[in-house]
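Each remark here refers to the structure printed beneath this line.
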Amino acid sequence: MSKMTLTLALALALAAPVALAQPERNQKMDTSLLQRQDLDYRFTQLDLDSADGQRHYRLWVGKPNRPAPASGYPVLWMLDGNAALGALNSQQLAKLAAGQAPLLVAVGYQTGQRIERAGRTYD
């Protein structure tokens, strides 16, 4: 086998898992964490529309269940918020709350989908 053929075969073998790692197109957003009342954070949501009305955003704000420090809460921004919120768990929130307890802001879209493909093309 030539060196070129071996290199090409290796490149294809390494690329295959990446090509298969795409999320399911119609996967729903996991909102179970947002509904819970027993967490170290409370979540609210704010819907915003672009000035031209073509894009529809949703912000989820997680506020720690403790008073803000004198300088205010530090902020942890999570882009791709629809997917990011589904990746959080109660243990991670407890660990954040035990430390500096940042305000969590997840920026996403007004949809129940985990990945909003049309909106993501503008990101």
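Positions -21 to -1, 1 to 102 (mature numbering (1 follows the signal peptide of the UniProt record, and there is no 0)) are the ones given, in order, by the sequence shown.
The beta-carbon is built from N, C-alpha and C at its ideal position, and this holds for glycine as well.
Assign residue i to buried or exposed, taking buried as 16 or more other Cβ atoms, counted over all protein chains shown, within 10 Å of its Cβ.
| i | result |
| --- | --- |
| N61 | buried |
| L27 | exposed |
| P43 | buried |
Could you tell me the distance, in whole angstroms, from the CA atom of residue i to the CA atom of residue j?
| i | j | result |
| --- | --- | --- |
| L38 | S11 | 16 Å |
| W56 | N5 | 25 Å |
| A66 | D31 | 31 Å |
Considering only the alpha carbon of each residue, which of the options lies closest to residue i?
| i | options | result |
| --- | --- | --- |
| L75 | A66, L(-8), L58, Y20 | Y20 |
| R15 | A77, G41, M57 | G41 |
| Q70 | L18, L13, Q6 | L18 |
| D59 | A49, F22, Q89, N44 | Q89 |
| F22 | R34, Q92, L64 | L64 |
| V84 | M8, L(-8), L25 | L25 |
| G95 | A30, R34, L(-8) | The question names Gly, but residue 95 in the sequence shown is Glu. Answer by Cα proximity: R34. |
Helix, strand or coil for residue i, going by three-state DSSP, please let me know.
| i | result |
| --- | --- |
| P24 | Per the sequence presented here, residue 24 reads as Gln, with Pro not at that position. Note: Q24 maps to strand in three-state DSSP. |
| L75 | helix |
| A85 | strand |
| L18 | coil |
Would residue i and residue j qualify as a contact pair, given that the criterion is a beta-carbon distance under 8 Å?
| i | j | result |
| --- | --- | --- |
| V86 | Y52 | no |
| R45 | A80 | yes |
I'd like to confirm something about residue i: is its beta-carbon nearer than 7 Å to some heavy atom of the ligand MG, or not?
| i | result |
| --- | --- |
| W56 | For the structure depicted, the ligand MG is absent and the ligand set is empty, with no information on it obtainable. |
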